Amino acid sequence: MTAALDRQLGEILAAAAIATGFPVEALLRQCREKPLVIARQATILAMREATDASLPAIGRVMQRGHPAIHTALRRAEARRALHTDFRALTDRLRAFGGKTDD
0 MTAALDRQLG
10 EILAAAAIAT
20 GFPVEALLRQ
30 CREKPLVIAR
40 QATILAMREA
50 TDASLPAIGR
60 VMQRGHPAIH
70 TALRRAEARR
80 ALHTDFRALT
90 DRLRAFGGKT
100 DD
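Taking numbering that gives the first Met the number 0, the leading residue of the sequence shown gets 0, the next gets one more, and so forth.
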């Protein structure tokens with residue numbers, strides 16, 4: 000992972016902590032409480048969409064294996080299609096990644 004990519008992912012993680020009210024440590028913790036899971040999914044989706052990071056690279060930052068990242072992405076995409084507040088959160092977090100596809 001390059002230093003620039005590492006910095007981008009770290010910025011998104013820090014922004015997620017601020018936006019969701021959960022400290023970074025909580026976002027990285029192995030916890031299945033629904034509000035925390037939703038915040039973590041938004042963070043992972045923003046990391047994937049806003050950067051060129053691979054699933055293993057995101058997994059290293061989020062302290063999870065790439066299969067868990069893949070599952071989180073799939074669930075986050077489904078949640079984003081249904082919930083405008085979740086969509087707004089992921090859109091805000093994507094701004095910290097610097098990649099502008101749209």
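Quick reminder that beta carbons are idealized off the backbone N, C-alpha and C, glycines included. These numbers come from a predicted model, not from an experiment.
- If the five residues before and after HIS69 are omitted, its C-beta is found closer than 7 Å to the C-beta atoms of LEU54, all from its own chain and listed in chain order.
- Under the three-pair Cβ rule at 8 Å, the region 47 to 64 does not count as touching the region 16 to 23.
- In the three-state reduction of the DSSP assignment, ASP90 falls in the helix class, which pools H, G and I.
- Membership of HIS69 in the alpha helix (DSSP H) is indicated by the continuous run 65 to 81.
- A straight-line Cα-Cα distance of about 18 Å links ASP84 and MET46.
- By a beta-carbon distance limit of 8 Å, THR50 contacts GLY96. Their separation comes to about 5 Å.
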